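Note sheet for the following structure.
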Amino acid sequence: MKTAGNDGIILTGDNGEAVETVVFPGIDQTLGTADDKTESLAAFTRQIAIADVTGQTDLRVITVTVKYPAGTIKRTYSITAYISAFS
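So the sequence shown is residues 929 to 1015, counted in this note's numbering.
See the structure below:
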């Protein structure tokens, strides 16, 4: 996953070229110290799907799916939410 551009949204026309990273605490379990470990998110993928709900004109379903490596296997995590035109 690359860094977001000026619009703050990843996977649009103004993305940065750098790959996102995440920093984990090292042996001392304290972030911000010399033993911290930085991991690249180059092997991570994310998909966002927005679709109409059949028979419901004011309702949409949003599904976010993230695929990532976990050792020698690839895991998938998905979450689904609904959004309507009414609050």
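By construction, the Cβ of each residue, glycine as well, lies at the ideal position given by its N, Cα and C atoms.
Just so we're clear, the structure is a prediction, and the values are computed from it rather than from any experiment.
Near residue i, which residues of its chain fall below 7 Å by C-beta distance, leaving aside the five closest residues on each side in sequence?
{"i": "residue 975", "result": "993"}
Using a Cβ-Cβ cutoff of less than 8 Å, which residues in the same chain neighbour residue i once the five nearest sequence positions on both sides are dropped?
{"i": "residue 949", "result": "966, 967, 968, 969"}
Please list the terminal residues of the continuous beta strand (DSSP E) segment that includes residue i.
{"i": "residue 993", "result": "984-998"}
{"i": "residue 966", "result": "965-968"}
{"i": "residue 1004", "result": "1001-1012"}
{"i": "residue 949", "result": "949-952"}
Am I right that residue i and residue j are in contact with their C-beta atoms under 8 Å? What's the rounded C-beta distance?
{"i": "residue 951", "j": "residue 964", "result": "5 Å"}
Can you tell me which of the three DSSP states residue i falls into?
{"i": "residue 975", "result": "strand"}
{"i": "residue 931", "result": "coil"}
{"i": "residue 980", "result": "strand"}
_Check whether the stretch 954-966 and the stretch 978-989 touch, using three or more Cβ-Cβ pairs below 8 Å as the test._
Cβ pair count under 8 Å is below three, so no.
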